[in-house]
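All remarks here apply to the structure that follows.
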Amino acid sequence: MRQYCRITDETLSSTQPQKEQHHEPVEDTDCDARSDDYISDEEKKAEKPLSQETIMRFERPKPDGEFITVQLDNNPTKVVKIGANLPPLIQESLVRCLKANADVFATSPEKMLGIDPEVACHRLNVNPNMKFIAQRRRRQSPEKAEAARTIVEGLVQA
1 MRQYCRITDE TLSSTQPQKE QHHEPVEDTD CDARSDDYIS DEEKKAEKPL SQETIMRFER
61 PKPDGEFITV QLDNNPTKVV KIGANLPPLI QESLVRCLKA NADVFATSPE KMLGIDPEVA
121 CHRLNVNPNM KFIAQRRRRQ SPEKAEAART IVEGLVQA
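Number 139 in full-length UniProt numbering belongs to position 139 of the sequence shown; there are no gaps in the numbering.
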């Protein structure tokens, strides 16, 4: 899937996902995993399985073609990729525009202040008909656990 970005001298605007309609309040017991709503194996098998189309509706976009890496400023970690098959005139103007607006790009979560969490969303592309399997817990050394904790706290505060 090819995506395009139109850059003008006007202010950039973004679209936000529509908020959900107002629904009836959910009781706390509805969310309890230990509820009494037991479903037998026979009932589970009798349920109509979801179609493959429904299961795989969250496909990731696939890049098409080759890319060129463009460094935005003196910082080697601040790079973007553009299409290699763009016409040379468009490619040059795009690189100029990207370098002129290099301060707009955030390279760390600390620089992404003010972004609504509903804009950034994450969905797992998993089959909902599969049985849940608990992963074995892996313990980390105290040093690694503390380092991970400080990183997470920094991300939460950002």
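Glycine included, every Cβ here is placed at the ideal spot set by N, Cα and C.
From the DSSP output, in three-state form, read off residue i for me.
i, result
"Ile82", "strand"
"Val156", "helix"
"Ile133", "coil"
"Val119", "coil"
"Thr150", "helix"
"Pro142", "helix"
"Glu42", "helix"
Are the beta-carbon atoms belonging to residue i and residue j less than 8 angstroms from one another?
i, j, result
"Lys111", "Leu72", "no"
Out of the options, which has the shortest C-alpha to C-alpha gap to residue i?
i, options, result
"Asn74", "Asp103, Arg139 and His122", "Asp103"
"Lys81", "Ala147, Gln157 and Leu94", "Leu94"
"Gly154", "Pro128, Pro109, Val119 and His122", "Pro109"
Alpha carbon to alpha carbon, how far is residue i from residue j?
i, j, result
"Met130", "Arg137", "21 angstroms"
"Glu143", "Val70", "37 angstroms"
"Val132", "Asp116", "Here the sequence assigns Phe to residue 132, which means Val is not the residue at that position. About 31 angstroms."
"Phe105", "Ser141", "35 angstroms"
"Asn85", "Gly65", "7 angstroms"
"Gly83", "Lys62", "13 angstroms"
"Thr150", "Glu92", "41 angstroms"
Quick one: complete alpha helix (DSSP H) runs, 4+ long, within the segment 62 to 110?
The segment 62 to 110 is shown to contain whole alpha helix (DSSP H) runs of 4 or more residues at 88 to 100, in chain order.
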